[in-house]
Amino acid sequence: MHSINFRRNVTLASAAALSVALLFTGCSPTVAPTGASGNDGDNGQTIGIAVADQKSLFYVAAVDGMEQAADEAGYKLVTLSANNNSGQQVNQVQDLITQQVDVIIFIAQDATSAAAGVKLANDAGVPIIAVDQKPESGKGKLATYIATDSVAAAEKLCTWMFDQFGGAGDIAILQGPLGSTAELQRSEGCANALANYPDVNVVAQESAGWDETKAFTAAQNILTANPNLKAIFGESDAMALGAAKAAKQEGRTGLFFVGIDGFPTMFTAVADGLTQATMAQQPYLMGQLSVQDAVKIAEGNGDDIPELQYQDTVLVTGENVADNDPAKFYGPDFK
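Right, dumping it as structure tokens:
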């Protein structure tokens, strides 16, 4: 969907797929994968990274942040990308354990299989940090969980959107994969906002799997069936963009399209008036923080690390988009 250029050092591990549920939570457009290797550290200590994919812009930015922090600390990274295969990712966690990494940072493909990866690390005595996706089952223990507070982000975004059209009218919601962490939290957040706006009616709700193309098709049907629609809340930027493009193709004007992520392409869309707002996440910062915490843990200084570390989001609209640099959220390697 984009042609965004990032440097990439990713090691792809081959692993047989386990049969586990796929409830993908990555809410990102994609960039072409490049490269395959780990960072060379100076002190012999190693952090393992198990990431859902290295196509999704959110995850690319997070790993870029990890690399920056690891270089600064003199640690080696071993980064394994699961290419959106949750079974392969569980095997990759086992591979990192076999390689005797000091700490594992886990950006899971889905919440269900994540529990299996956490258990493997726990059983091996390897501390594990979760980023973005939280294991939703099992009795595994995390050293810390770093993520966006998607409930708060969605509530703030939906409240802003309702106010833009006077707090009364019909809206539609495009959801992520049903049951995924981000989908549940973003649905909850918008529901919280709706409770304060009794005259806003949800006339359509459909999962488009974080995907722009699926959102485009879903929005076409929603727009046709609802001639008085005021707005569409996309639970990701990609879905908001797909919906906005569908409306533009059909000549529908005056609607509001908002999303959550803060992708550089969404910044452009907001500036151009195609979409109206995004809640920008901070994946580069999350990546930096995860490695900084991993270093503390590896060096025996991790006792004071909080169990939960929510990172702030920024509401980006037409009024302030020029004042917000996408590189703040996606790192200096963004071009």
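Throughout the sequence shown, residue numbering follows mature numbering (1 follows the signal peptide of the UniProt record, and there is no 0), covering -32 to -1, 1 to 303 in sequence.
Built from N, CA and C at the ideal position, the CB exists for glycine as well.
Item                                                                                                                                                            : Value
Per the contact definition of three or more C-beta pairs closer than 8 Å, is the stretch 247 to 261 in contact with the stretch 114 to 134?                     : yes
Answer with buried or exposed for Gly16, where buried requires no fewer than 16 other C-beta atoms within 10 angstroms of its C-beta.                           : buried
Which residue comes first and which comes last in the alpha helix (DSSP H) that contains Leu25?                                                                 : Leu25 to Ala41
If we count the other Cβ atoms within 10 Å of its Cβ and call it buried at 16 or more, is Gly210 buried or exposed?                                             : buried
Check whether the stretch 52 to 65 and the stretch 118 to 138 touch, using three or more Cβ-Cβ pairs below 8 Å as the test.                                     : no
For Lys216, is the classification buried or exposed, using 16 other Cβ atoms within 10 angstroms of its Cβ as the cut-off for buried?                           : exposed
On the three-state DSSP scale, how would you describe Val170?                                                                                                   : strand
Taking Phe235 as the reference, give the member of Thr221, Ser204, Ile200 and Val284 with the closest Cα.                                                       : Val284
For Ala98, which of helix, strand or coil comes out of DSSP?                                                                                                    : strand
May I have the straight-line CA-CA distance separating Leu162 from Gly135, to the nearest angstrom?                                                             : 10 Å
Please report the distance separating the alpha-carbon of Glu174 from that of Lys44.                                                                            : 43 Å
Can at least three beta-carbon pairs, one atom from the stretch 77 to 92 and one from the stretch 29 to 36, be found at a separation below 8 Å?                 : no
When you compare the stretch 144 to 159 with the stretch 268 to 286, are there three or more beta-carbon pairs, one atom per stretch, that lie closer than 8 Å? : no
How far does the alpha helix (DSSP H) with Gln56 in it extend, from its first residue to its last?                                                              : Ser54 to Thr66
Since Asp229 sits in a beta bridge, which residues does DSSP pair it with?                                                                                      : Ala248
Using the three-state DSSP reduction, which class does Gly93 fall into: helix, strand or coil?                                                                  : coil
If you scan the stretch 243 to 287 from start to end, which runs of the alpha helix (DSSP H) of 4 or more residues do you find wholly inside it?                : 251 to 266
Based on Cα-Cα distance, which residue from Pro232, Gln260 and Ala237 lies nearest to Lys296?                                                                   : Pro232
According to the neighbour-count rule (16 or more other Cβ atoms, all chains shown, within 10 Å of its Cβ), is Tyr298 buried or exposed?                        : buried
Per DSSP, residue 305 forms a beta bridge with which residues?                                                                                                  : The requested residue 305 is not part of the displayed model; the chain covers only -32 to 303.
Let's test the definition: count the other Cβ atoms within 10 Å of the Cβ of Thr112 and tell me whether it reaches 16, buried, or not, exposed.                 : buried
Taking all protein chains shown into account, decide if Gly291 is buried (16 or more other Cβ within 10 angstroms of its Cβ) or exposed.                        : Checking the sequence shown, residue 291 turns out to be Asp, not Gly. Exposed, because fewer than 16 other Cβ atoms sit within 10 Å of the Cβ of Asp291.
Can you grab the Cα-Cα spacing for the pair Ala92 / Ala150, in whole Å?                                                                                         : 29 Å
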